[in-house]
Amino acid sequence: MLRTFSLGTRLALITIAGTLTTVASVLLIAYSALVEDFESILTHQQRYETQRIARTVDEKLNLRVDLLSEFAKNLSDGGSLRDRTEMEQLLARQQMLQQLFPDGLVVFDENATALLETLHVPGRIGTNYADREHFQRLMRTRQPVISRPMIGRATGVPLVTFSAPIESDDGALLGIVSGVLRLGDASLLPPEELHAMQKDGALFRVVDPNNFLFIEGREGLGKAIQSLPPPGADPLIDAALSGITFGQLTTADGRRLVYATSYLEPLGWLFIRAVPMSWATAPAQDSFLKFLSISIGIALAIALFSLIATRSATRRLEAMTQRIDRMVRSPEGVRLEESGPPEVRDLARAFNRLMDERDSMATLKENFVSNVSHELRTPLTSMNGALRLVHSGATGPLPPRAGDMVRLALRNGERLQGLISDLLDFSKLTSGRMSVRMLDVPVAEVIRDTIDGNQALAREYQVTLTGHGDSNLAAQADPHRLRQVLDNLVSNAIKFSPPGGTVTLSARPGNHGTVRLIVSDQGKGVPAAFEQQLFERFAQAETGTNRSVSGTGLGLAICKELAELMEGRIGYYFEAGAHFWLELAAARPARSAALRYPEGKTESHR
Numbered sequence: 262m263l264r265t266f267s268l269g270t271r272l273a274l275i276t277i278a279g280t281l282t283t284v285a286s287v288l289l290i291a292y293s294a295l296v297e298d299f300e301s302i303l304t305h306q307q308r309y310e311t312q313r314i315a316r317t318v319d320e321k322l323n324l325r326v327d328l329l330s331e332f333a334k335n336l337s338d339g340g341s342l343r344d345r346t347e348m349e350q351l352l353a354r355q356q357m358l359q360q361l362f363p364d365g366l367v368v369f370d371e372n373a374t375a376l377l378e379t380l381h382v383p384g385r386i387g388t389n390y391a392d393r394e395h396f397q398r399l400m401r402t403r404q405p406v407i408s409r410p411m412i413g414r415a416t417g418v419p420l421v422t423f424s425a426p427i428e429s430d431d432g433a434l435l436g437i438v439s440g441v442l443r444l445g446d447a448s449l450l451p452p453e454e455l456h457a458m459q460k461d462g463a464l465f466r467v468v469d470p471n472n473f474l475f476i477e478g479r480e481g482l483g484k485a486i487q488s489l490p491p492p493g494a495d496p497l498i499d500a501a502l503s504g505i506t507f508g509q510l511t512t513a514d515g516r517r518l519v520y521a522t523s524y525l526e527p528l529g530w531l532f533i534r535a536v537p538m539s540w541a542t543a544p545a546q547d548s549f550l551k552f553l554s555i556s557i558g559i560a561l562a563i564a565l566f567s568l569i570a571t572r573s574a575t576r577r578l579e580a581m582t583q584r585i586d587r588m589v590r591s592p593e594g595v596r597l598e599e600s601g602p603p604e605v606r607d608l609a610r611a612f613n614r615l616m617d618e619r620d621s622m623a624t625l626k627e628n629f630v631s632n633v634s635h636e637l638r639t640p641l642t643s644m645n646g647a648l649r650l651v652h653s654g655a656t657g658p659l660p661p662r663a664g665d666m667v668r669l670a671l672r673n674g675e676r677l678q679g680l681i682s683d684l685l686d687f688s689k690l691t692s693g694r695m696s697v698r699m700l701d702v703p704v705a706e707v708i709r710d711t712i713d714g715n716q717a718l719a720r721e722y723q724v725t726l727t728g729h730g731d732s733n734l735a736a737q738a739d740p741h742r743l744r745q746v747l748d749n750l751v752s753n754a755i756k757f758s759p760p761g762g763t764v765t766l767s768a769r770p771g772n773h774g775t776v777r778l779i780v781s782d783q784g785k786g787v788p789a790a791f792e793q794q795l796f797e798r799f800a801q802a803e804t805g806t807n808r809s810v811s812g813t814g815l816g817l818a819i820c821k822e823l824a825e826l827m828e829g830r831i832g833y834y835f836e837a838g839a840h841f842w843l844e845l846a847a848a849r850p851a852r853s854a855a856l857r858y859p860e861g862k863t864e865s866h867r
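Counting from 262, one number per residue, gives the positions in the sequence shown under the numbering used here.
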């Protein structure tokens with residue numbers, strides 16, 4: 262049907278259809294983003310509310326502790342406790358403390374035996390409470406303490422005790438004064454706060470996860486302290502006790518809630534608040550409808566403008582696109598020619614600035630990685646040196662546990678030093694600052710030294726490491742960089758081999774005057790979908806091994822760069838195990854018989 266319209270009309274229809282499709286896609290994405298944003302805001306709001314109410318309760322706790330500590334100073338005459346009559350008179354005058362502690366004030370002697378009380382509880386006077394953890398902590402630290410919720414020894418009900426030391430002028434403990442707060446009868450939360458936290462369908466709970474008790478907020482229980490429901494009965498309680506401090510959940514009746522929790526350390530209480538998901542979706546829908554109407558208007562305007570601009574811009578934009586594509590793919594950073602119509606010049610100028618910024622950012626990143634790596638290497642070298650001295654016994658024998666910790670620190674320090682070396686090498690390679698010294702290198706000796714240098718790692722991973730190569734083979738390479746490549750390939754093969762497996766480093770003549778070194782293992786190899794990215798920077802893939810293998814993702818990328826720097830090639834194939842190969846130019850036959858490895862080693866390893 263489009264064939265009956267002119268080219269301009271067809272372009273206009275295609276533009277309008279594309280614009281509307283794009284707008285519809287953007288609207289769907291925008292709506293999803295709006296809902297996520299409102300959910301995030303709502304979650305943060307609940308976290309703030311629970312933290313705020315926790316701070317409010319904490320402030321009330323501190324107020325009680327401070328007032329009780331001040332009162333404790335009046336119960337001593339400087340050298341001993343005041344007599345019973347004086348203390349009873351002082352307690353009777355403390356109207357504020359009695360309001361803060363409606364379940365009584367109690368004075369104990371220095372051994373935590375109750376001496377007198379403002380509210381009589383049968384059996385409390387004369388009872389020793391030194392076995393209580395909070396009294397032991399007070400007598401040990403001489404600091405005011407707040408007990409965790411506990412069952413009163415004389416009352417048999419849940420309560421919280423606030424205690425402060427009574428000290429002489431020279432710091433001796435003379436006694437203890439405590440204020441008792443009976444949970445359920447008195448609330449640490451103001452009624453207006455509780456009402457505000459539960460309005461408009463919001464839920465608020467205060468629980469004691471250590472004793473599995475409801476403190477506040479359960480419907481139909483009033484102020485009574487009750488046990489928590491069994492697992493599965495209340496999804497909100499289950500989610501809060503799971504250790505996840507915020508998130509979403511669905512109740513038994515299908516309601517979706519956003520919840521957050523906050524923990525109050527002094528009492529060990531967990532504050533929980535949840536609100537309906539509709540608090541997030543409703544404003545998101547309102548915003549979406551407004552955005553929809555605006556977007557439709559903008560889409561129509563864009564479609565109309567596109568109809569007018571398409572004919573005049575198509576050819577120029579096509580030419581500009583081709584030049585931009587060549588510019589992006591050019592490693593030399595070719596710039597666009599700033600000529601032609603004003604629009605084309607402006608676009609070319611903008612892309613040229615973008616290229617300048619890209620080059621500047623690339624240089625900045627390379628310098629940053631290089632500088633940071635250099636700065637990290639110096640202190641890390643000193644740390645590793647110190648750890649080696651300690652590990653070697655230079656500072657004296659270490660306990661077994663300390664020796665294990667030193668070995669762990671040294672192993673991780675050396676691993677970190679290797680990662681930093683990778684970053685430095687890659688920085689030098691990408692910036693063209695790394696040079697190589699090409700020599701005729703005997704392959705058999707390189708294989709032997711590589712095997713010897715990696716045997717310790719092979720034993721650690723329970724892998725057999727072998728190598729063989731013709732003693733007459735020699736390659737043109739930088740000896741140090743060749744070892745670096747082989748060490749990297751062999752260590753990777755060891756780490757990804759199954760326990761009891763075998764890793765082999767071998768060499769054979771290649772095609773067209775080359776030498777091919779192959780590192781083979783019996784692992785599962787690289788996933789087929791990942792093979793194209795195998796030698797790219799920061800690329801890593803899970804190969805199925807049960808052992809944790811981690812790194813910067815630069816090892817194989819560095820190997821590829823070094824191979825190319827030595828005018829060689831590197832590759833991979835799978836055949837009953839992973840096989841990584843390195844191909845280098847062979848040494849000239851006239852010289853290969855007189856070759857010597859730089860360290861002076863001559864015998865091959867088989």
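We put the beta carbon where it would ideally sit given N, CA and C, even for glycine. On a predicted model such as this, the values are computed, not experimentally measured, just so you know.
>> Give me, in chain order, the residues of the same chain whose beta-carbon lies closer than 8 angstroms to that of L648; leave out the 5 immediate sequence neighbours on both sides.
In response: Result list for L648: V667, A670, L671, G674, in chain order.
>> Tell me the rounded alpha-carbon separation between V810 and L718.
In response: Since pLDDT at V810 reaches only 45, below the 50 mark, its modelled position is unreliable, and the value read off the structure follows with that caveat. The alpha-carbon atoms of V810 and L718 are separated by roughly 13 angstroms.
> Quick one: Cα of G436 to Cα of E526, how far?
Replying inline: G436 and E526: Cα-Cα distance of roughly 26 angstroms.
>> Would you say A754 lies against chain B (beta-carbon separation less than 7 angstroms)?
In response: Reference to chain B is not applicable here, since this structure consists of a single protein chain.
> V776 and A824: beta carbons closer than 7 angstroms?
Replying inline: At the C-beta level, V776 and A824 stay beyond 7 angstroms of one another.
> At which residue ranges does the region 685-756 contain complete beta strand (DSSP E) runs of 3 or more residues, listed in the order of the chain?
Replying inline: Note on the region 685-756: whole beta strand (DSSP E) runs with a minimum of 3 residues are 700-703, 725-729, 735-738, in chain order.
> With a Cβ-Cβ cutoff of 7 angstroms, do I314 and F507 count as a contact?
Replying inline: Against a cut-off of 7 angstroms, the Cβ pair of F507 and I314 comes out as no contact.
>> Within a Cβ cutoff of 8 angstroms, which residues of the same chain sit near R345, ignoring the five residues on either side of it in sequence?
In response: Here the set comprises L376, L377.
>> I'd like to confirm the pairing. Which residues does DSSP put opposite S781 in its beta bridges?
In response: T765, H840.
> Would the region 426-442 and the region 323-340 be scored as touching if the rule is three or more Cβ pairs under 8 angstroms?
Replying inline: Yes, since at least three Cβ pairs between the region 426-442 and the region 323-340 fall closer than 8 angstroms, the two stretches touch.
> What residues are listed by DSSP as bridge partners for Y390?
Replying inline: Beta-bridge pairing links Y390 to no other residue.
>> Quick check on K460: buried or exposed, where buried means 16 or more other Cβ atoms within 10 Å of its Cβ?
In response: Exposed, by the Cβ-count rule.
> Which whole-angstrom value is the C-beta distance of P496 and T512, which I expect to be below 8 angstroms?
Replying inline: Contact flag correct, Cβ pair sits at about 6 angstroms.
> Going by the CB atoms, is the gap between R534 and E300 shorter than 7 angstroms?
Replying inline: The answer is no: Cβ separation not under 7 angstroms.
> In terms of alpha-carbon separation, which member of E320, R769, Y833 lies closest to A846?
Replying inline: Across the set E320, R769, Y833, the C-alpha of R769 shows the shortest separation from the C-alpha of A846.
> In whole angstroms, what separates the C-alpha of N807 from that of V787?
Replying inline: Residue placement at N807 cannot be trusted, given a pLDDT of 42 that sits under 50; the coordinates are not used to answer.
> How about V751 and V780: do their beta carbons lie closer than 7 angstroms?
Replying inline: Taking 7 angstroms as the Cβ cut-off, V751 and V780 qualify as a contacting pair.
>> Measuring straight from C-alpha to C-alpha, what distance separates V702 and D665?
In response: Cα to Cα, V702 sits roughly 41 angstroms from D665.
>> For the pair the region 399-408 and the region 417-433, tell me if three or more CB-CB distances fall below 8 angstroms.
In response: Taking 8 angstroms as the limit for Cβ pairs, the verdict is that the region 417-433 does touch the region 399-408.
> With a cut-off of 8 angstroms, do at least 3 Cβ pairs link the region 819-835 to the region 705-715?
Replying inline: In the pairwise beta carbon analysis, the region 819-835 is classified as not touching the region 705-715: fewer than three pairs are separated by under 8 angstroms.
> If you check the beta carbons only, do N749 and C820 fall under 7 angstroms apart?
Replying inline: Result yes, Cβ atoms of N749 and C820 sit closer than 7 angstroms.
>> Let's test the definition: count the other Cβ atoms within 10 Å of the Cβ of R466 and tell me whether it reaches 16, buried, or not, exposed.
In response: Under this definition R466 is a buried residue.
>> Using C-beta distances below 6 angstroms, list every residue in its chain close to G868, excluding the 5 sequence neighbours before and after it, in chain order.
In response: Absent from the structure is residue 868, since the part of the chain shown begins at 262 and ends at 867.
>> In chain order, what are the residue ranges of uninterrupted alpha helix (DSSP H) at least 4 long that sit wholly in the region 299-382?
In response: Whole alpha helix (DSSP H) segments, 4+ residues: 345-354, 356-361.
> Excluding five sequence neighbours on each side, which residues of the same chain lie with their C-beta closer than 6 angstroms to the C-beta of G816?
Replying inline: For G816, where only same-chain residues beyond five positions count, the Cβ hits under 6 angstroms are N749.
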